[in-house]
Each structure stands twice: as structure tokens, then as C-alpha cells.
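Before any comments, here is the structure.
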Amino acid sequence: MSGNKNPTNKKLEELVEKAGIDKHVLEDPDQVVCDDVWTEERERLAQEHLSQDKSTIPAFWQNKYEKEAAKSWDKFYKRNSTNFYKDRHYLHLVFKDLGIVLENGQTKTLLEVGSGVGNAALPLLEVNPALKIVAIDFADSAIELLKKQPLYDEARVAASVCDITNDPLPNAALANGGVDFALFLFCLSALHPDKMKSAVKKVVAAIKPGGKLFFRDYGRYDQAQLRFKPGCKLQENFYVRQDNTRAYYFTTEEVEELFTEAGLEMVENEYIRRQYANRQQNVVRFRVWVHSIFVKPASATSDPVQS
């Protein structure tokens, strides 16, 4: 790897080089993204890097971040408005059920947990006219911004403020026997690990038998995790950012356990590991996500949990 390195990436570049990664996205001038290769040695080095930080944030601050979780995200959206996240125009391609339009004109309902300002919901409305969406987020400002979006249509989207760890699901998610699909998109990682199981069970209970749950979130050893400095760790693989929002970094095994224990069957569950080139700065971002699809058995019952 040649050229000037961005100092914030120096340690990660060294880790990758030490692990002996052959392919690098910057080597091909026509590429901006490519699959990333992970070896056992690279995982060992990444774990070794993380294990050097043995400190965790004091209990007082941990409790404060937990109590103010919704407030922190509310401030995030007030500060960034609709400009922070890009619209997710790929979802109907990676979760193909969300792009299917039935010939009989039947509509399907999707519950999106942690909808933010509609970066997932609104592109899906554009590609699938037969899809209705129940969008929930625990940040008031996110829902306010979503409702002001030009593509927001009350006939097709029911958006409301809901803290999935404490509040019952809105009636729109429970009507007509529940929803056909549920989506956790970079959302579950923002919750405290101790509250993930109950949140998942609440959502799973609202899915109709035969319905599917789609999941994509941060994976273990993602670049963002490896870049956290000492003083940011709440517990193993769970961190607080400078803006007081939090992030957990999953393994595929943890994701499988969360959703199968809640009564779903696994369809897909894998890591997505990619390199992204920033040629202006001559740096590479090494990203890791967990991508999963689960299905609710046709024999299961839909009995929404509200507590």
C-alpha cells in the first residue's frame, strides 16, 4: 500500500498489512469498493488490538447514557436533520421480498424499527407500490423530520415515536393479525445488550406466521469498533460515541441466538466484509456488517407482547 495515509487509519492499515491481506481496493484505479478478505490471523490481531483496552466507563456514566439514549438520538437528528445517512436504495435487492409486487394487488406491511428520518422506508415506497410501512423510532425529531419528507404519504406510512425497550408497539403494527415483515437496520446495535432480547421478542410477536424479519447491523471488528479510543468502552463490544449515542458490534452467532430464541428460523446469516476507497484522501475503510434473514414458522402464533 503506497501513498500518504490518513493518520486516523494508520493503526488499521498496519493491522491489515501485518495480517498479509493481498487485495487492496486502492490498487485498482477503477474500483471504489471490493470484498474484504479476513483470515484467522487478521481476526486474532483485531481481537488482540481490542483486548488492549481493559477499562470500562464508570457505572454513573453508563446509567446516564442509558437513561438519555432517546435524548441523545433526538439531539443527533436535530443537529444533522436528514443529511447524515444516505438513502438505502439497495434494500429491495438484498431483501428481495420487500420488492415483490403481488399480481392480485394485495398489500404487505413492514414494521421498521429505528426508522430514523426515512432513509430506508421512503426508497422502499418508491420501488414497491404494494408496500405499507409502520415506522417507529424513539427520537421525536426523527419522526418529525420523516413526516415532513416529500415522499411521506399517510396512506402508506404510519410513523410514530416508540421506544421499543419500554413502549408497546403502535396499533398499526398489530392490526389485521400483525405485520408481514419486520426490519432492524443498524438499529439494534444502539440498544443496551441487556434489553435486546425483550425488544426482539416484542417485534417477533407482531410478525404474522410465515412472515420474515430482515436484519443488517455492525459486525465484530468493523473499522469503527477498532478505532474507538480508551474511555469509550461500556462493556465488551459495546461503546459510546462522542455524541453519546452507543453502538454494539455483533457476531453472526449472537444474531442467530437472539432471533432463534425469539421463535424465528434462520434463512440467511453472514458477515459482509468490504473495503471502500476514498481516493481523495488515499485511504480505505474496512467495514464489517452482519446480514440476516429470519422467518416465523407458519405454525407459530401472532400474539404481540406489549410490555
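Residue 36 in full-length UniProt numbering sits at position 36 of the sequence shown, and the numbers go up by one each step. Where is the CB? At the ideal position from N, CA and C, for every residue including glycine. It should be emphasised that the depicted structure is a prediction, and the values quoted were computed from it without experimental measurement.
| Asked | Found |
| --- | --- |
| Quick one: grab the DSSP three-state call for Val161. | strand |
| Rounded to a whole number of angstroms, what is the C-alpha to C-alpha distance between Pro170 and Leu213? | 18 Å |
| Output the residue ranges of the beta strand (DSSP E) runs that lie fully inside the region 88 to 155 and measure 3 residues or longer, sorted by chain position. | 108 to 113 and 131 to 137 |
| Excluding the 5 residues flanking Pro297 on each side, which residues of the same chain have their C-beta closer than 7 Å to its C-beta? | Pro209 and Glu265 |
| Measure the Cβ-Cβ separation of Lys96 and Leu102 and say whether it is below 9 Å. | no |
| Using a Cβ-Cβ cutoff of less than 7 Å, which residues in the same chain neighbour Thr260 once the five nearest sequence positions on both sides are dropped? | Met266 |
| So what does DSSP say about Pro168, is it helix, strand or coil? | coil |
| Can you look up residue 313 in the DSSP assignment and give me helix, strand or coil? | This structure leaves residue 313 out entirely; the chain is present only between 1 and 307. |
| Decide if Gly231 is buried, meaning its Cβ has at least 16 other Cβ atoms within 10 Å, or exposed. | exposed |
| State the Cα-Cα distance for the pair Asp163 and Asp137, rounded to the nearest angstrom. | 7 Å |
| Buried or exposed, going by whether 16 or more other CB atoms sit within 10 Å of the CB of Pro7? | Annotation note: pLDDT 42 at Pro7 (below 50); position unreliable, coordinate value reported separately. Exposed. |
| Which residue's Cα is closest to the Cα of Gln106: Leu98, Leu131, Ala175 and His89? | Leu131 |
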